[in-house]
Structures are given as structure tokens and as C-alpha cells.
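Each remark here refers to the structure printed beneath this line.
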Amino acid sequence: MVAPLSTWPWEYLGSLKQYLIYGPLLAKLYYSRNFEMDDNSSSTWCLHLLILCSLRPVVYQFWFTFSYMLFFTRTRLIDHRGVDFKQIDREWNWDNFIILQGIMAAIGGYKFFDEYSSLPTWNSTGFFITILLHIGILEPLYYFLHRYVFHNDYFFSKYHSFHHKSSVTQSFTAGSGTFLEHIILSMIIVIPVIGPLASGFGSKSMIFGYILMFDFVRGFGHCNVEIVPGWIFRLFPFLRYILYTPTYHSLHHKEKDTNFCLFMPLFDALGNTVNSKSWELHRHTSSGLNGTKVPDFVFLAHVVDVSAAMHVPFSFRSVNSVPYRFRLVLLPIWPVAFTMMLVMWGFSKTFFVSFYNLRGKFHQTWTVPRFGFQYFIPSAKDGINNLIEESILRADKLGVKVISLAALNKNEALNGGGTLFVKKHPDLKVRVVHGNTLTAAVILNEIKSDVKEVFLTGATSKLGRAIALYLCRKRIRVLMLTLSKERFESIQREADKELQGYLVQVTKYQAAQNCKTWIVGKWITPREQRWAPPGTHFHQFVVPPIFAVRRNCTYSALAAMKLPEDVEGLGTCEYTMRRGIVHACHAGGVVHSLEGWTHHEVGAIDVDRIDLVWEAAMKHGLKPV
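Counting in numbering that gives the first Met the number 0, the sequence shown runs from 0 upward without gaps.
Shown next as C-alpha cells:
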């Protein structure tokens, strides 16, 4: 049985909960401005409350985005473990406290703020009083409640333990809590605001400034990145008691009986609850020595388009923790994403976007700052290859063991499936992997055992060639769509003489009008799909995937595999894939790393290794989707 007031009363509303605060305030504002003849100052308070409630999430989003920009925060991460989907779901409603405090301000402060519009914009005395009340009343009161109430055995187990389940903190962790504890917190946090107003020294900037600064410092303490340099505390030792650091607060989530303060460790010092590791750990983390962990495996991804760029982990956690799809709510942010795209083009530096741990091996995703359409611009070829080469050399220098190339980064016309880099740098210690062997294995294992004939587009590509040769060994007839007789015959000659008859060149889609198994390796239009008979199943390895327009046919998603259940720290969906699922080429690199293979997997696919790679994937707990 759940404890009283441990759940939020609007929990069942889902995303509609926002209307609890924004709806009534907008209605009041509209009514006051259009139907009340006299100058109703409460409507001004409603407007400013709306603005304040809209700005507060932006503060926490800022700290989240900052902490996940691993390309310049990696060396100052406090805890290198990733935040998994369980923690993300647990903190999904982190903004409940903003709604609660907005409702309390709208209802409880309605009469109090009746003359809000008459408040001055600035009053320095009011700010001084706010600071005194924060230090003299709020800080010690919070310390007392946090230590003796929130960490009381009963209260902690029934209420506060929910907040402490997040051992790897993020800015959103700050708002993660139960209804009762946020009621208590909201009642004491308002003291430094009410004091100046009650004494006649209040101002609008004081209200906005204090609340937003409170959120800013709270998000800072939970951001999991140490930005306070160690030399400050060496020069001015007393400062360590004035303002806590992210390192200091992170220890409270690991050893809950220490570091109870709100923002000022002074009260922990007075209460003898300062964690003995606090200052040494801060010195170590702020020095940049905490970020020297080298990943065993790197997946070198790329962005598809401007809209998909908003799906990267340092954008919106609620967006990138679910499969990608276009969302209208993100449309206003499109210009920001477009501007960032131009900035990335200007700097042209590969950046880190996510990481996870599997079987004790550290895995990272790096992203080349180039968008899908750029890969098809001839003049961009050298620039893209230079970025990929730079990433491979960087991984080699760091000591990475395997780097796997995403779809367009290993394009045959671009770099021969990675062959260009291996030939140019024969002494590479890092293994370059295109992962197409496992991609082929995934597609081939999708095909039903009773299939006798398949239609294959993109038949002379790396994957098309391997799939055709593998199927003909199984005595399955392959209709290979290609206009190049020379390339077809080259592939046909690779097959044993008695099996070459199973490979058939076709030049038109009409040739497949009686074939119900299509393997699509080259993009086909809805018009071309019309040649498939009813009941056809479309397997595919084409990027982007084809449109599923035939209602009387079925479609496979892009080749993918589900990572083992024991993967740790995975909290990001890979493009359109569901949680815990990655593209087969990504999974191919994972298997290469877990097996400890020392060869490069570039260029043409070794058909003899398809079954071997598939069995290795099964052995390590990867599962077909």
C-alpha cells in the first residue's frame, strides 16, 4: 500500500497535467484583459507567473544539455555511468514541483499579489533581505528538515528514497520527488520571497531573480559535471563552505548520511556531517583526471537531417529516450537546430553523444557533424572522409580497440566500406569495422526456410553481393536487379559452377511480379512497389527505409538487434529504433569487440563468416528483432 501523499494527484493526466497551471492562468489573463474594464493588477501577476513557470524548465534543460555535451565535459564527469531508461522513466515527471508551486502561487498568493503591478522593478534593500533570509533561515531550516525528517527511517523509506534511487544525478533529478516532500519544500522555499514583500521592500526582479537563481544553483548541483576549479578552494579555503559543488552533492546520493546542506556546506560543517572525501574528490574531478577512461568500442554515427538532429542525447531527454519521430512541438526549435548545424559545419569536429557499458566494456557513440544529404554531394566527399579519418586516428591514439562505421560513413562510393582508411594507415591498432557481416546475417535469418526465390535490389552492393552468394549456396533462386552485366557476372563467377544458375540477372521490376520475397538494397518508389504481388514481404537494408505504402504487403524494419539485458547506462534510442535496439552494423561492431577479433572488417563481406558472426552474436546475448 502506498504511503499517503506519496503520489502526485494529477499523475493520471499524463502530459495534460500542464493545463493545471497554464490553462487557468491563460483563461484569467484573457478574461481580465478583454472583459474587466478596470485595471486588474492580478492579471499582471498571472502573466508574470506564466512567464516564470515557462522559464524554470529552461534552466534545468540548460544544465542537462551542458552535462551531456561530452565533447567538452567528458574529462570532468563525476560519475561515468550512463543514465538508463529506468531512471529516465522514474524522473519523467520531474517538473511536477514547478506545477505545484505555480498552483500554490496562483491560489495562495492571489490576494497577496493583488497589488503586484505596483511593485518596483528593482529594490536593492529587498535583495539584501532575501539573501539574509536565505542564509539565516532557509539554509539551516532545510538542513534540519533534510537530516532529521527526510532521512528519518520512516520518512526516507516511504518518501525520500524515491529521490535517492538516482545515483547518477542529472539536473532533472533535482525535481524528482514525492508529493508530500515537495509540499514541505515549497512552503519553506518561499520564505526569502515573502519576507521582503511583507516588509515593503519587494520588487519584481527580486521574485524572478531569486526563484530562477534557486533553480540554477539546484540544477548546477545535480549536473554531474564539476565546473568549479580546484584552485579557487586552494586560494580561498572559506569558499568551500559558501557554495556546494556538483561533486559535493553527488556524495550525498552515494552516501546518504552525509552532505545534507541545501547550497551551503557551512551547515554540514556545523552539524559534523561533511563527507570526508568531499574536498579530495573535488580536487581530483576538477583536475580533469576523472575523464581519462578510454572506451573499448566506438560507433561512429552521423545525423540524418535537421529534424533528427534534435534527437541527439544533449537535446531533450524525453525525446531521445524514445524512438525518433517528427514532433510538431519541436518545430519552433527547428531554427535553433539549423543554426547549430551551421556551427558544427564550421568547427567540423566529431563529438561524443552517448555511452553505455556491456560486459565490463565501455562503449561510446561519436557523431560526425554531417547530415545525410551531404553524403551525396560529390564536392563534400573529401571533407567527410577527412572527418572519418580524423575520428579513426583519434580513436587509435586514445587506445580504442574497435571503431564501427554507421551506414553512410562506410558508403562504397565514399571510402570503399572503410578500405580507404585501412590502406592509408596500415599500422592502425584500432580495428575498423563496417558491421555489414552481421547486417547480412540478420537479413538472411529473417527469410523463411521454405522460400525458394527472392528478388534483390541493390544486388551488386557489398550487402547485395553477400546475400546473393549466401542464398545461392542454399539453392535459393535470386533475381538480381542490375543493369550492369559485367558486375553481375563478376558476382556470379564467385559462386561454385553448379550453383551459378541460381543467380539470375533481371533489369526490370516486372520480373518480380510473381515473387513474394523482396530484399531491398536500393531505394524503390511506391510506383515500383506496385509490381510486387499481394502478400509480398519487403526485407530491406536501404537508408533511408522505403515507404510502407502497400496495405496487402508486409515490411521489415532496417536490420537491427536487441542488446543483452545486462547492458548498463543505456538511455538513448538509436534513431527510429526501440529502446535497447541498435542497427545491425552497430551490433556488428559490438560483437567484434566482445569477441576480441583482431582483423579489420572492411570492403567486401566474407560470406564464409556470416554464420560465424551470427553465432557469436547469439552467444553474447544479442537477439534478432
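All C-beta atoms, glycine included, are put in the ideal place defined by N, C-alpha and C.
Under the three-state DSSP convention, the category residue i falls into
{"i": "E527", "result": "helix"}
{"i": "M576", "result": "coil"}
{"i": "R326", "result": "coil"}
{"i": "T571", "result": "coil"}
{"i": "D77", "result": "Note on identity: in this sequence residue 77 is Ile, with Asp being the wrong assignment. Note: I77 maps to coil in three-state DSSP."}
{"i": "P195", "result": "helix"}
{"i": "S175", "result": "coil"}
{"i": "F354", "result": "strand"}
{"i": "Q512", "result": "coil"}
{"i": "Y554", "result": "strand"}
{"i": "T597", "result": "coil"}
{"i": "W664", "result": "Absent from the model: residue 664. The displayed extent of the chain is 0 to 624, so no value can be given."}
{"i": "F537", "result": "strand"}
{"i": "T364", "result": "strand"}
{"i": "H582", "result": "strand"}
{"i": "V216", "result": "helix"}
{"i": "I518", "result": "strand"}
{"i": "V148", "result": "helix"}
{"i": "L502", "result": "strand"}
{"i": "R474", "result": "coil"}
{"i": "L480", "result": "strand"}
{"i": "V224", "result": "strand"}
{"i": "P532", "result": "coil"}
Spatial distance of residue i from residue j (CA atoms)
{"i": "L419", "j": "F298", "result": "18 Å"}
{"i": "V421", "j": "V311", "result": "29 Å"}
{"i": "A615", "j": "R608", "result": "10 Å"}
{"i": "W278", "j": "N258", "result": "12 Å"}
{"i": "D304", "j": "R369", "result": "9 Å"}
{"i": "G434", "j": "L238", "result": "52 Å"}
{"i": "V148", "j": "P3", "result": "16 Å"}
{"i": "V429", "j": "V590", "result": "15 Å"}
{"i": "T172", "j": "H248", "result": "12 Å"}
{"i": "P139", "j": "H145", "result": "10 Å"}
{"i": "Y355", "j": "P294", "result": "10 Å"}
{"i": "S185", "j": "T524", "result": "58 Å"}
{"i": "F200", "j": "L269", "result": "31 Å"}
{"i": "F346", "j": "K276", "result": "39 Å"}
{"i": "G107", "j": "A26", "result": "18 Å"}
{"i": "L386", "j": "L392", "result": "10 Å"}
{"i": "K85", "j": "F143", "result": "31 Å"}
{"i": "S286", "j": "G371", "result": "38 Å"}
{"i": "S634", "j": "Y574", "result": "Look at the range of the chain in this structure, 0 to 624, and you will see that residue 634 is not part of it."}
{"i": "Y141", "j": "F262", "result": "10 Å"}
Residues near residue i in its chain [Cβ-Cβ closer than 6 Å; skip 5 each side]
{"i": "W121", "result": "S202, S204"}
{"i": "R526", "result": "none"}
{"i": "H47", "result": "none"}
{"i": "G417", "result": "L404, K409, V431, H433, V601"}
{"i": "G565", "result": "A small correction: the amino acid at residue 565 is Asp; Gly does not occupy that position in the sequence shown. Answer for D565: no residue qualifies."}
{"i": "C514", "result": "E452, F454"}
{"i": "G194", "result": "I128, L132"}
{"i": "I226", "result": "none"}
Contact set for residue i: own chain, Cβ-Cβ below 7 Å, skip 5 residues either direction
{"i": "T481", "result": "A458, T459, F487, Q504"}
{"i": "K561", "result": "G579, I580, L621, K622, V624"}
{"i": "D395", "result": "L427, K428, V429"}
{"i": "G625", "result": "Given a span of 0 to 624 for the chain in the structure shown, any question on residue 625 remains unanswerable."}
Of the listed residues the options, nearest to residue i (C-alpha basis)
{"i": "F96", "options": "Q17, D565, V273", "result": "Q17"}
{"i": "A559", "options": "A197, P532, N444, Y508", "result": "N444"}
{"i": "S306", "options": "F296, S320, R316, R324", "result": "R324"}
{"i": "W7", "options": "D94, L470, R393, D267", "result": "D94"}
{"i": "R464", "options": "E497, K521, G218", "result": "K521"}
{"i": "E10", "options": "W91, F71, Y21, I187", "result": "W91"}
{"i": "V543", "options": "W613, V519, G534", "result": "Checking the sequence shown, residue 543 turns out to be Pro, not Val. The shortest C-alpha separation from P543 is found at V519."}
{"i": "F65", "options": "H221, L15, S198", "result": "H221"}
{"i": "G568", "options": "C471, L12, Q363, I475", "result": "Q363"}
{"i": "P533", "options": "T516, D381, S117", "result": "T516"}
{"i": "F315", "options": "V352, S175, D449, H159", "result": "V352"}
{"i": "V1", "options": "D78, I475, F178, A26", "result": "F178"}
{"i": "S166", "options": "H252, Y141, M212", "result": "H252"}
{"i": "I442", "options": "G81, L470, E254", "result": "L470"}
{"i": "I130", "options": "L12, M103, G208", "result": "G208"}
{"i": "V606", "options": "A494, K400, Q528", "result": "A494"}
{"i": "I206", "options": "L341, F126, A603", "result": "F126"}
CB contact check: residue i to chain B, cutoff 8 Å
{"i": "G415", "result": "You won't find chain B in this structure, because it holds only one protein chain."}
Cβ-based neighbour list, residue i, same chain, cut-off 8 Å, excluding 5 preceding and 5 following
{"i": "K423", "result": "E388"}
Q) What are the complete beta strand (DSSP E) segments, minimum 3 residues, inside the segment 368–455? A) 401–404, 430–432
task = At 3 residues or longer, and completely inside the segment 232–316: list those beta strand (DSSP E) runs for me, N to C.
result = 296–302
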